[in-house]
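Please read the structure below before turning to the comments.
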Amino acid sequence: MSAALTPARELTAMLKRAAAREVVVLGFYTSHSCPWCVAVRREQLEPRLRSNDPPAVAIIEFDADSDAAFTLPDGRRQTARQWAHTLGFRLTPTLAALDRTAKPIVSPLVGYSSRDFYGAYLEEQIRQAQLYWQNLR
Numbered sequence: 004m005s006a007a008l009t010p011a012r013e014l015t016a017m018l019k020r021a022a023a024r025e026v027v028v029l030g031f032y033t034s035h036s037c038p039w040c041v042a043v044r045r046e047q048l049e050p051r052l053r054s055n056d057p058p059a060v061a062i063i064e065f066d067a068d069s070d071a072a073f074t075l076p077d078g079r080r081q082t083a084r085q086w087a088h089t090l091g092f093r094l095t096p097t098l099a100a101l102d103r104t105a106k107p108i109v110s111p112l113v114g115y116s117s118r119d120f121y122g123a124y125l126e127e128q129i130r131q132a133q134l135y136w137q138n139l140r
């Protein structure tokens, strides 16, 4: 399996796959100038994407440095910065399990303060997302 993160332009398609219970969706708000973002990607996200551990995960990359707009499930177009501002995300990296409206299901993971515990926090985000999508009617 590829360890590539999914670009924000694929958000709506990935949320549809989540509704079909094919994947759970996480949003990763990142910046090119953020060394912690690189560390989270390499040490946590890419290994999780390469793993065969259920459930399947799609990690949508919301690039704070990009002016490219993407379409939200309600049809509005926003840049990653606009999306993050709307949700109150002020720092990179921020990782959140997303609901069908592209909003966090539970409190997001902000920063990368503990390599030792981040993997467990990541799996909890995934578990909460899986429960959300399984119970969605």
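Under the working numbering, the first residue of the sequence shown is numbered 4, with each subsequent residue one higher.
Ideal Cβ positions, reconstructed from N, Cα and C, are used throughout, including at glycine.
No experiment lies behind these values; they were computed from the predicted model shown.
Neighbour-count burial assignment, residue 96, 16 or more Cβ in a 10 Å radius: Buried, by the Cβ-count rule.
Can you tell which of 111, 15, 21 and 123 has its C-alpha closest to the C-alpha of residue 59? Here the closest residue by C-alpha is 21.
Between the CA atoms of residue 33 and residue 125 - distance to the nearest angstrom: Their Cα atoms are separated by approximately 16 Å.
Range covered by the beta strand (DSSP E) that runs through residue 129: Looking at the DSSP string, residue 129 is not in any beta strand (DSSP E); the run it does join, the alpha helix (DSSP H), is 118-138.
With three or more C-beta pairs closer than 8 Å as the rule, is the region 115-132 touching the region 34-45? Remark: three or more beta-carbon pairs, one from each stretch, lie closer than 8 Å, so the region 34-45 and the region 115-132 are flagged as touching.
Just mark residue 107 as buried or exposed, buried being the case when its beta carbon has 16 or more other beta carbons within 10 Å. Residue 107 is buried by the Cβ-count criterion.
Over the uninterrupted beta strand (DSSP E) stretch that includes residue 41, give me the two end residues. Segment 38-43 is the alpha helix (DSSP H) holding residue 41; no beta strand (DSSP E) there.
Please work out which residues of its chain come closer than 8 Å, Cβ to Cβ, to residue 87, disregarding the five sequence neighbours upstream and downstream, and give them in chain order. Residues 32, 65, 67, 93 and 97 of the same chain have their beta carbon placed closer than 8 Å to that of residue 87, with the five preceding and five following residues left out of the count.
Close-in-space but distant-in-sequence residues of the same chain around residue 15 (CB under 7 Å, 5 per side omitted): Excluding residues within five positions, the ones whose Cβ falls inside 7 Å are 74 and 76.
Please report the residue range of the alpha helix (DSSP H) in which residue 49 lies. Unbroken alpha helix (DSSP H) run through residue 49: 49-53.
Just to confirm, is the Cβ distance from residue 131 to residue 105 under 8 Å? Their beta carbons are not under 8 Å apart, which means residue 131 does not touch residue 105 by this criterion.
Could you give the C-beta distance for residue 109 and residue 128, rounded to a whole number, given that I count them as a contact under 8 Å? About 7 Å separates the two Cβ atoms, so the contact holds.
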